[in-house]
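Reading through the structure tokens given below for one structure.
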Ligand SMILES: Cc1ncc(C[n+]2csc(CCOP(=O)(O)OP(=O)(O)O)c2C)c(N)n1
Ligand SMILES: [Mg+2]
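So, in structure tokens, the structure goes:
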């Protein structure tokens, strides 16, 4: 209650506030805010997960946030702070609300060569929306509130609070405080800004006049929870929908208007449809390099309209006929209510053309998707995942080839499924999947990663076993980082030397065996026909699992078409 201050420690205040904001898990490497962690035990049910590196703590918080829509919280003492900052970079790129807590310097001893100390604050600046220090214990309530407010509002993103003392010992101190919580900021989105009606009508007018329009839906649609409104508008007006990689779950892949992920880690059909469109409607996408294949899909000059919650994003990369500033869900619902259904008729040939392009894609890749080859082709894993990921499953995907394979070849088959992807960092997916499971414990979580990606945070198998976080990582194990093959061939003038392979190949390792040793269920798959049963076993295990799939190191993912 406002104005009811009482004497309490920073630790008590922090524990009460995190509980009040609905935080259920905190990912950390000790020792930071020790008193807070101790007090949490008696005042809250928050799980305090000691994980195997600050970067994976940040990735877990990120996965938790993307799966639940609630801010994920991670923490590190002063020496681990920059490891934590490194882990915020993916959350920053993906606009994921992560709150990072670190220990920091004491005014009375800074610049005196304190053990382990540097000035960490500047390093958080490029990866946070709000980067602040808490130097007086009486500031706990308003700074924690500001952290949640900044993380969740507008375009969401990471924040950093540095607490005085290398371990944030300021939490031992007392002051007159009120641990006031604003539940509105405990999840994304806290506000739904309503767009100016004139701008909505102008955009809708262009959309309805177009004969070959396409929608490109991004992570902003996902953050807004606007997938149902997106699909409803597309159906009403008969408009094909492509997505960014971050927005892949805003329309499921088997929907008749879905054309796939557009851009660089993409599906050929999406790029072809977008490049044949006479108008592109961008919704909740930054129109960044990845989604537009470096502004080649669509080409600059294509007629475009754009809807975004961030006014600065509107028109950044494509000159626009119309821009709409507002929340995706309310904007799409408003467009739906104003739409002229009769205008859909003239787009029938265009929808048929888009569907033909999609069919051509399936025909072209059918052999690879259903291949019985051993070592296994990654396309076959994607195909089996499309067939067997449960109806309410969350799929968490790493970057590089993993992003290309799954972005292009995997289909969500239900509106209840979710898809989360690394925004660029190799090794993100496995810890993020563990965080996702913590954030959505009732949903099955499957992770797709390469072996190079899996090596990064392999120690987290032990965390999964210790906390019984039953995700099902599927490791596309080709004993190398073979996305590098193409690049090295190029710099060697066509074909690299045999010796060059030492730069991107590894020892052949059985991850299933390693998983067993760490207390998880390990399943090794050497033939594609065994994969469905392995996945079913993994999903039913009710224990942490690792599915190690032996795949072909020579197979490369298709590159983007323009
Ligand atoms: C932090 C980081 N470092 C480096 C890279 C560059 N990179 C992208 S993919 C890749 C190799 C991936 O290997 P693996 O996970 O085994 O997948 P594969 O290509 O073999 O399918 C590398 C090094 C990156 N994306 N992120
Ligand atoms: Mg590999």
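Residue numbers (my numbering): 1 to 562. Ideal placement from N, C-alpha and C gives every residue a C-beta, glycine not left out.
With a 10 Å radius around its C-beta and 16 neighbouring C-beta atoms as the bar for buried, classify residue i as buried or exposed.
i, result
"residue 546", "buried"
"residue 338", "exposed"
"residue 362", "exposed"
"residue 42", "exposed"
"residue 378", "buried"
"residue 167", "buried"
"residue 477", "buried"
"residue 357", "buried"
"residue 95", "buried"
"residue 349", "exposed"
"residue 498", "exposed"
"residue 21", "buried"
"residue 301", "exposed"
"residue 529", "exposed"
"residue 184", "exposed"
"residue 624", "An answer regarding residue 624 cannot be provided, because it is not within the stretch 1 to 562 covered by the chain."
"residue 422", "buried"
"residue 289", "exposed"
"residue 45", "exposed"
"residue 67", "buried"
"residue 559", "exposed"
"residue 531", "buried"
"residue 55", "buried"
"residue 125", "exposed"
"residue 213", "buried"
For residue i, which of helix, strand or coil comes out of DSSP?
i, result
"residue 103", "strand"
"residue 548", "strand"
"residue 196", "coil"
"residue 25", "strand"
"residue 305", "strand"
"residue 98", "strand"
"residue 427", "coil"
"residue 529", "helix"
"residue 436", "helix"
"residue 506", "coil"
"residue 164", "strand"
"residue 9", "strand"
"residue 174", "strand"
"residue 482", "coil"
"residue 50", "strand"
"residue 93", "helix"
"residue 124", "helix"
"residue 562", "coil"
"residue 188", "coil"
Can you pull the DSSP bridge partners for residue i?
i, result
"residue 243", "217 and 261"
"residue 477", "550"
"residue 421", "397"
"residue 73", "26 and 99"
"residue 255", "Answer is none; residue 255 lacks a bridge partner."
"residue 150", "Paired residues: none, contrary to the question."
"residue 524", "548"
"residue 323", "306"
"residue 488", "The partner list for residue 488 (beta bridge, DSSP) is empty, contrary to what the question assumes."
Please output, in chain order, the residues near ligand 2 using a CB cut-off of less than 6 angstroms to any non-hydrogen atom of the ligand. 450, 451, 452, 478, 480, 481 and 482
So, does the stretch 456-464 touch the stretch 482-494, judging by three or more C-beta pairs under 8 angstroms? no
So, does the stretch 4-20 touch the stretch 80-89, judging by three or more C-beta pairs under 8 angstroms? no
Taking 8 angstroms as the cut-off, does the stretch 260-274 touch the stretch 182-200 (at least 3 CB pairs, one atom from each stretch)? no
Below 8 angstroms, how does it come out for the stretch 318-336 and the stretch 221-234: are there three or more Cβ pairs, yes or no? yes
Inter-stretch contact at 8 angstroms, needing at least 3 Cβ pairs: the stretch 243-257 / the stretch 216-228: Judged by Cβ distances under 8 angstroms, the stretch 243-257 makes contact with the stretch 216-228, as three or more pairs qualify.
Is there contact between the stretch 376-395 and the stretch 548-560, where contact requires at least three CB pairs shorter than 8 angstroms? yes
Answer yes if the stretch 111-120 comes into contact with the stretch 132-140, meaning at least three C-beta pairs across the two stretches below 8 angstroms, and no otherwise. No, because fewer than three Cβ pairs between the stretch 132-140 and the stretch 111-120 fall closer than 8 angstroms, the two stretches do not touch.
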